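Under full-length UniProt numbering, think of the first position of the sequence shown as 1, with each following residue one higher. We put the beta carbon where it would ideally sit given N, CA and C, even for glycine. Since this is a predicted model, take the numbers as computed values, not measurements. Structure, as structure tokens:
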Amino acid sequence: MDAFDDHCSRFITADSLSTVINFLPLFALGISYFSYRKKLVNGFYFFGFALVYLLMTWINTGYLQTLSALITITILIIELPRNKLIAFFAKISFSLYLIHDIVGSRIVVLIGTLMPKNIYYKGVAFTTGLAISIGFAFAYYLFIERPFLNMAKKISYKGVE
1 MDAFDDHCSR
11 FITADSLSTV
21 INFLPLFALG
31 ISYFSYRKKL
41 VNGFYFFGFA
51 LVYLLMTWIN
61 TGYLQTLSAL
71 ITITILIIEL
81 PRNKLIAFFA
91 KISFSLYLIH
101 DIVGSRIVVL
111 IGTLMPKNIY
121 YKGVAFTTGL
131 AISIGFAFAY
141 YLFIERPFLN
151 MAKKISYKGV
161 E
């Protein structure tokens with residue numbers, strides 16, 4: 001076994017593969033919902049596949065993940081009224097996903113090393129890390145993500161609508 005194989009074997013394990021396989025039906029459910037919303041499949045196919053994916057999720061991961069998926073898909077189908085705060089977080093969600101560990105977690109750790117170790121200061125550290133993460137994510141969205149999204153809209157590919 002060479003160094004590369006040894007390095008990879010630490011990350012790709014039987015447990016990690018089973019985790020990926022167990023949650024594939026949830027990803028498939030999301031893809032099916034997207035296809036339904038974009039009118040690529042009709043409601044009959046969507047609901048049929050959704051039942052199959054939910055059953056597979058129940059078998060693979062249990063009732064909590066299945067219930068969570070069912071609640072999520074129901075909320076998406078019902079289309080709740082728009083909320084400005086939720087729309088804001090939806091807009092910056094990818095940026096927040098990218099930033100939260102790099103910025104927020106480090107802030108929490110830094111503050112945690114400087115303050116007393118009790119629940120109050122842990123709450124202060126978490127809230128501060130969260131607020132700073134949201135601020136950085138918003139800036140990242142404004143100055144990096146949105147300009148590139150606008151640029152990507154101007155690109156056209158042959159044979160793709």
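| Query | Result |
| --- | --- |
| If I follow the unbroken alpha helix (DSSP H) through Asn60, where does it start and stop? | Gly43 to Thr61 |
| Is the beta carbon of Ser68 sitting closer than 9 Å to the one on Ile107? | no |
| Please report the residue range of the alpha helix (DSSP H) in which Phe148 lies. | Arg146 to Lys153 |
| Under 9 Å, do Ile31 and Ser95 count as touching if we go by C-beta distance? | no |
| In chain order, which alpha helix (DSSP H) runs of at least 4 residues are fully inside the stretch 80-134? | 84-99 and 106-114 |
| Under the three-state reduction of DSSP, which class applies to Tyr157: helix, strand or coil? | coil |
| Relative to the C-alpha of Glu114, which candidate in Ala125, Gly135 and Ser105 has its C-alpha closest? | The identity of residue 114 in the sequence shown is Leu, whereas the question assumes Glu. Answer by Cα proximity: Ala125. |
| Within 10 Å of its beta-carbon, does Thr19 have 16 or more other beta-carbons around it, so buried, or fewer, so exposed? | exposed |
| How about Pro25 and Tyr63: do their beta carbons lie closer than 9 Å? | no |
| Compare the C-alpha of Phe89 against each of Leu110, Met151, Phe138 and Lys153 and name the closest. | Phe138 |
| Buried or exposed: Gly135, going by 16 or more other Cβ atoms within 10 Å of its Cβ? | exposed |
| Who are the Cβ neighbours of Ile71 in its own chain at under 8 Å, not counting the five residues just before and after it? | none |
| One question on the structure: do Thr57 and Leu76 come within less than 9 Å of each other, judged by their Cβ atoms? | no |
| For a test of the three-state rule: what should DSSP assign to Leu40, helix, strand or coil? | coil |
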